[in-house]
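Quick note, the sequence shown lines up with residues 1 to 165 if you use full-length UniProt numbering.
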Amino acid sequence: MATHFSKDQERSPVCSLRRCCCPALQIRCVKGDLFSCPGTDALAHCISEDCRMGAGIAVLFKKKFGGVQELLDQKKKTGEVAVLQRDDRYIYYLITKQKVSHKPTYESMQKSLEAMKAHCLNNGVTDISMPRIGCGLDGLQWEKVSAILEEVFENTDIKITVYSL
Numbered sequence: 001m002a003t004h005f006s007k008d009q010e011r012s013p014v015c016s017l018r019r020c021c022c023p024a025l026q027i028r029c030v031k032g033d034l035f036s037c038p039g040t041d042a043l044a045h046c047i048s049e050d051c052r053m054g055a056g057i058a059v060l061f062k063k064k065f066g067g068v069q070e071l072l073d074q075k076k077k078t079g080e081v082a083v084l085q086r087d088d089r090y091i092y093y094l095i096t097k098q099k100v101s102h103k104p105t106y107e108s109m110q111k112s113l114e115a116m117k118a119h120c121l122n123n124g125v126t127d128i129s130m131p132r133i134g135c136g137l138d139g140l141q142w143e144k145v146s147a148i149l150e151e152v153f154e155n156t157d158i159k160i161t162v163y164s165l
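Set out below in structure tokens:
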């Protein structure tokens with residue numbers, strides 16, 4: 001993954017990752033459009049088991065990648081991850097709640113991230129771009145979610161870029 005930033009992507013202090021404790025951790029935060037990330041990066045975001053994707057960034061994922069029936073056919077439950085493959089990348093749908101009207105928990109977030117990590121390791125994925133997952137309409141606190149990201153990915157070679165506008 002390139003380490004340079006375009007004029008729309010600059011380092012952001014909002015990431016709140018404890019790099020001093022985890023110097024090998026390869027998570028960075030940038031300001032910019034998630035969909036401007038390198039075309040080979042996997043993408044990740046959170047959805048419900050019903051795959052409704054009617055609000056927030058999920059709407060953009062649905063428009064850009066489609067595949068709602070393909071996701072539903074995977075019959076994934078809360079704490080799992082549904083996956084689409086588009087061109088040279090995987091699109092990860094972290095299933096963090098049962099219904100679109102529900103709210104996720106930190107436990108469901110961690111389980112979904114563990115499932116995504118396992119898929120990444122089994123399929124050679126080394127770069128993932130994502131928004132501040134679970135922290136928009138779902139209302140989780142980024143400080144807690146970022147700590148979970150650190151814990152889940154700390155002993156891997158997977159590089160994560162977190163985008164915020």
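Where is the CB? At the ideal position from N, CA and C, for every residue including glycine.
Asked                                                                                                                                                                                   : Found
Give every residue of the same chain whose Cβ lies closer than 6 Å to the Cβ of Leu165, excluding the five residues on either side of it in the sequence, and list them in chain order. : none
Measure the C-alpha to C-alpha separation of Met116 and Leu149 and round it to an integer number of angstroms.                                                                          : 11 Å
Compute the Euclidean distance between the alpha carbons of Asp87 and Val81, then round it to the nearest angstrom.                                                                     : 19 Å
If you reduce the DSSP assignment to three classes, tell me which class Ser101 lands in.                                                                                                : coil
How would you call Gly79, buried or exposed, if buried means at least 16 neighbouring beta carbons within 10 angstroms?                                                                 : buried
Among the candidates Asp127, Trp142, Val100, Gly124, whose CA atom is the shortest distance from the CA of Lys77?                                                                       : Val100
Using DSSP's beta-bridge definition, name the partner residues of Gly140.                                                                                                               : The question names Gly, but residue 140 is Leu in the sequence shown. DSSP, once it has assigned bridges, lists no residue as partnering Leu140.
Going by DSSP, what residue range makes up the beta strand (DSSP E) through Ser129?                                                                                                     : 127 to 131
Using a Cβ-Cβ cut-off of 7 Å (strictly less than) and excluding sequence neighbours within five positions of Gln74, which residues of its own chain qualify?                            : Ala82
Would you call the stretch 119 to 129 in contact with the stretch 50 to 57, where contact means no fewer than 3 C-beta pairs closer than 8 Å?                                           : no
Give me, in chain order, the residues of the same chain whose beta-carbon lies closer than 8 Å to that of residue 173; leave out the 5 immediate sequence neighbours on both sides.     : In this structure the chain extends from 1 to 165, so residue 173 is not present and cannot be described.
Roughly how many whole angstroms lie between the Cα atoms of Ile158 and Ser112?                                                                                                         : 16 Å
Is it the case that the Cβ atoms of residue 170 and Cys46 are separated by a distance below 8 Å?                                                                                        : With the chain covering only 1 through 165, there is no way to say anything about residue 170.
Kindly identify the DSSP beta-bridge partner or partners of Ser48.                                                                                                                      : Lys97
Can you tell me whether DSSP reads Ala147 as helix, strand or coil?                                                                                                                     : helix
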